[in-house]
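Participant: Take this structure, written in structure tokens, and hold onto it; I'll ask about it next.
Protein chains in written order, with this note's numbering: chain A, 74 to 458; chain B, 46 to 205.
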């Protein structure tokens with residue numbers, strides 16, 4: 074019985090130690106909102122955004138929102154968990170108040186409603202908020218397809234407690250060139266790229282890793298030199314058209330995307346959109362230095378977006394199925410609609426045609442929009458799902 | 046293997062020190078394992094550790110576990126992966142025990158155990174609302190209504 078543990082007798086410097094072991098901004102904010110002693114024991118997280126060569130790096134965060142159990146609002150909710158995965162961009166308005174913009178989970182398209190009763194304000198103290206991923210990328214004024222744009226920017230160490238002086242950054246630009254930056258550098262620097270172009274970049278266990286089109290993963294060491302880390306995913310140049318790096322359950326995965334030769338979208342961008350036909354998933358077996366093909370992800374769903382790749386366990390989320398890959402088409406104009414690849418039968422559907430998979434994305438659960446306004450995908454300014 | 050720095054003969058038996066818990070139980074621990082505790086280390090340096098060291102703040106039940114922890118961490122040749130797994134198992138305990146580990150590690154100044162136990166508590170806090178945290182730790186919000194309002198304003202997502 075918890076009441077018998079005299080936690081409040083723990084000396085304040087130990088609460089400070091505990092608080093400093095929290096590694097996401099939202100956890101630190103919740104910790105500092107518990108009581109005044111805890112609030113003073115841990116400093117607030119600084120909100121400065123990354124700037125390289127005078128340009129601000131775009132940043133948004135993916136969160137999982139859940140209602141805490143046994144809340145009074147719970148009586149109307151189904152007994153199984155309900156979660157909502159969202160991505161928001163945080164900014165301060167002119168009066169210093171925090172403002173957020175809701176975006177499509179897998180692209181940078183904003184979610185704009187045609188009208189309705191989405192709450193103006195949500196207080197994060199009322200919800201279980203888990204930070205899933207912090208996306209960084211560089212679009213700049215000329216747009217996402219300009220060579221100066223970086224579709225992924227990874228910053229390490231990515232901890233709220235890290236000093237700015239310790240920061241290193243790697244970005245993947247244009248068609249797969251890598252550039253790096255260290256605190257104090259004036260601008261990006263090109264990196265030696267023996268196997269350029271690279272398909273993807275990730276932070277894994279506090280280090281930078283990249284993957285090339287053969288599925289060979291390389292580690293980028295602190296001096297920004299590449300060190301081969303794995304064999305290629307497929308021998309003999311077989312395999313798919315695009316490799317993605319994602320972490321799940323502490324392991325490193327490569328997802329190999331197979332694309333159709335010709336786009337059937339009817340968009341007038343010759344050869345640019347490469348429509349996905351299927352995916353294969355491989356997990357790196359680090360003990361044996363080889364790739365194991367994974368045919369069943371269990372309760373896990375992988376998300377491959379324009380600027381991030383992450384995994385979420387949907388275990389216990391009512392009506393939500395794992396063992397799938399949410400993705401957007403590569404190079405789709407203005408960011409693509411969310412689609413879902415079902416690992417069980419290899420089918421690909423738009424998320425809005427697959428209720429079991431749409432549920433965690435849209436519409437927001439009833440405990441967010443209690444007035445029950447129908448925020449169905451058709452009420453959005455542009456179809457995102 | 047001789048572990049004491051003051052021993053000159055290679056065939057000396059391992060140096061042990063004796064610890065006495067608050068409820069009178071005694072425990073033997075190898076000196077080299079005891080060095081994990083800064084408190085015990087300074088006592089050993091000053092030669093105060095020849096008679097049973099009284100630890101009036103630590104019960105026998107907890108002291109036994111602390112000795113087990115220090116002994117395990119003093120082993121040579123343990124690989125990092127299996128030590129991590131052992132540590133995870135060690136802190137899979139109920140809250141009263143975890144609390145006692147923290148106090149004992151703090152008192153005895155065992156940084157590795159203190160870090161391990163504090164990380165466990167941090168993991169209990171992750172992803173929870175402040176209200177849930179109040180209930181888990183039986184802690185009251187000590188904010189005034191004005192402060193509470195300010196807090197809610199700070200922790201707000203205002204949608205464009």
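Just so it is clear, CB atoms sit at the ideal spot from N, CA and C, and this is done for glycine as well. Since the model is a prediction, treat every value here as computed from it, not as a measurement.
Give the interface partners of residue 194 (chain A) over in chain B, defined as CB-CB distance under 8 Å, in chain order.
Facilitator: What residue 194 (chain A) touches in chain B: 201, 202, 203 and 204.
Participant: Give me, in chain order, the residues of the same chain whose beta-carbon lies closer than 6 Å to that of residue 65 (chain B); leave out the 5 immediate sequence neighbours on both sides.
Facilitator: So the qualifying residues of the chain are 71, 97 and 99.
Participant: Please report the Cβ distance between residue 398 (chain A) and residue 414 (chain A), rounded to the nearest whole angstrom; I am assuming they are in contact, meaning their Cβ atoms lie under 8 Å.
Facilitator: Between residue 414 (chain A) and residue 398 (chain A) the Cβ distance is about 4 Å, and since that is below 8 Å, they are a contact.
Participant: Kindly confirm or deny that the region 116-132 of chain B and the region 185-196 of chain B touch, where touching means at least three C-beta pairs closer than 8 Å.
Facilitator: No, the region 116-132 of chain B does not touch the region 185-196 of chain B.
Participant: Give the range of the alpha helix (DSSP H) segment to which residue 188 (chain B) is assigned.
Facilitator: No alpha helix (DSSP H) holds residue 188 (chain B); DSSP gives it neither H nor E.
Participant: Let me confirm a value: residue 359 (chain A) is counted as buried when at least 16 other C-beta atoms fall within 10 Å, else exposed. Which label applies?
Facilitator: Its Cβ having fewer than 16 others within 10 Å, residue 359 (chain A) is exposed.
Participant: Under the three-state reduction of DSSP, which class applies to residue 336 (chain A): helix, strand or coil?
Facilitator: Note that residue 336 (chain A) has pLDDT 48, beneath the 50 cutoff, so the model's placement of it is unreliable and the number below is only indicative. In this structure, residue 336 (chain A) counts as coil in the three-state DSSP scheme.
Participant: Evaluate residue 58 (chain B) with the Cβ neighbour count: other Cβ atoms within 10 Å of its Cβ, from every protein chain shown; 16 or more gives buried, anything less gives exposed.
Facilitator: Result: exposed.
Participant: Under 7 Å between C-beta atoms, does residue 81 (chain B) make it to chain A?
Facilitator: Closer than 7 Å: no.
Participant: Would you check if the distance between the CB atom of residue 197 (chain B) and the CB atom of residue 196 (chain A) is smaller than 7 Å?
Facilitator: Yes, these two residues count as a Cβ contact at 7 Å.
Participant: Quick one: Cα of residue 312 (chain A) to Cα of residue 327 (chain A), how far?
Facilitator: One C-alpha to the other measures close to 12 Å.
Participant: For residue 170 (chain A), which residues in chain B fall below 9 Å Cβ to Cβ?
Facilitator: Chain B residues near residue 170 (chain A): 198, 201 and 203.
Participant: Note down, in chain order, every chain A residue with its Cβ under 7 Å from the Cβ of residue 63 (chain B).
Facilitator: Result: empty, since nearest Cβ-Cβ is about 28 Å, beyond 7 Å.
Participant: Using a Cβ cut-off of 7 Å (strictly closer), state whether residue 187 (chain B) contacts chain A.
Facilitator: For residue 187 (chain B), the answer is yes, since a Cβ of chain A falls inside 7 Å of its Cβ.
Participant: Using only the alpha-carbon positions, how far apart do residue 182 (chain A) and residue 396 (chain A) sit?
Facilitator: Using only the alpha carbons, I get a separation of about 26 Å.
Participant: What are the start and end residues of each continuous alpha helix (DSSP H) run of 4 or more residues lying completely inside the region 233-280 of chain A, in chain order?
Facilitator: Listed in chain order, nothing qualifies, since the region 233-280 of chain A has no complete alpha helix (DSSP H) run of 4 or more residues.
Participant: For residue 228 (chain A), which of A:246, A:255, A:205 and A:422 has the nearest alpha-carbon?
Facilitator: The residue with the shortest Cα to Cα distance from residue 228 (chain A) is A:255.
Participant: Going along chain B in order, which residues have a C-beta closer than 9 Å to the C-beta of residue 200 (chain A)?
Facilitator: In chain order: 174.
Participant: Reducing DSSP to helix, strand and coil, say where residue 329 (chain A) ends up.
Facilitator: Three-state result, residue 329 (chain A): strand.
Participant: Residue 81 (chain B) lies in the beta strand (DSSP E); which residues open and close that run?
Facilitator: Where residue 81 (chain B) is concerned, there is no enclosing beta strand (DSSP E), given that its DSSP letter is neither H nor E.
Participant: Using a C-beta to C-beta distance shorter than 7 Å, which residues of chain B count as neighbours of residue 91 (chain A)?
Facilitator: The answer, in chain order, is 163, 166 and 167.
Participant: For residue 62 (chain B), which three-state DSSP category applies?
Facilitator: DSSP places residue 62 (chain B) in strand when its eight states are reduced to three.
Participant: With residue 165 (chain B) as the anchor, note down where its alpha helix (DSSP H) starts and where it stops.
Facilitator: Start and end: 156-170.
Participant: Can you tell which of A:162, A:107, A:141 and A:321 has its C-alpha closest to the C-alpha of residue 382 (chain A)?
Facilitator: Ranking the options by Cα distance to residue 382 (chain A), first place goes to A:321.
Participant: Look up residue 351 (chain A) in the DSSP assignment and say whether it is helix, strand or coil.
Facilitator: Three-state DSSP puts residue 351 (chain A) in a strand.
Participant: Please report how far the alpha carbon of residue 347 (chain A) lies from the alpha carbon of residue 394 (chain A), in whole angstroms.
Facilitator: Cα to Cα, residue 347 (chain A) sits roughly 26 Å from residue 394 (chain A).
Participant: Can you list the residues of chain A that residue 171 (chain B) reaches, using a CB-CB cut of under 7 Å?
Facilitator: Under the 7 Å cutoff, chain A gives 95 and 100.
Participant: For residue 176 (chain A), report the span of its beta strand (DSSP E) as first-last.
Facilitator: First-last of the beta strand (DSSP E) with residue 176 (chain A): 171-176.
Participant: Out of A:350, A:362 and A:366, which one is the CA nearest neighbour of residue 356 (chain A)?
Facilitator: Checked all of A:350, A:362 and A:366; the closest Cα to residue 356 (chain A) is A:366.
Participant: Less than 6 Å between C-beta atoms, sequence neighbours within five positions excluded: which residues of the same chain meet that for residue 98 (chain A)?
Facilitator: Closer than 6 Å at Cβ, skipping near neighbours: 118 and 233.
Participant: Cβ of residue 177 (chain B) less than 7 Å from any chain A Cβ?
Facilitator: By this cut-off, residue 177 (chain B) is an interface position.
Participant: Pull out every residue of the region 131-145 of chain B whose Cβ sits closer than 8 Å to any Cβ of chain A, in chain order.
Facilitator: Within the region 131-145 of chain B, the residues whose Cβ lies closer than 8 Å to some Cβ of chain A are 140, 141 and 144, listed in chain order.
Participant: Compare the beta carbon distance of residue 174 (chain B) and residue 141 (chain A) with 7 Å and say whether it is the shorter of the two.
Facilitator: Contact: yes.
Participant: Show which residues of chain B have a CB atom less than 7 Å away from the CB atom of residue 191 (chain A).
Facilitator: What residue 191 (chain A) touches in chain B: 204.
Participant: Can residue 424 (chain A) and residue 431 (chain A) be called in contact, C-beta distance under 7 Å?
Facilitator: Yes, they are a contact pair.
Participant: For a quick check, are the C-beta atoms of residue 209 (chain A) and residue 194 (chain A) less than 7 Å apart?
Facilitator: Not in contact: residue 209 (chain A) and residue 194 (chain A) (Cβ atoms no closer than 7 Å).
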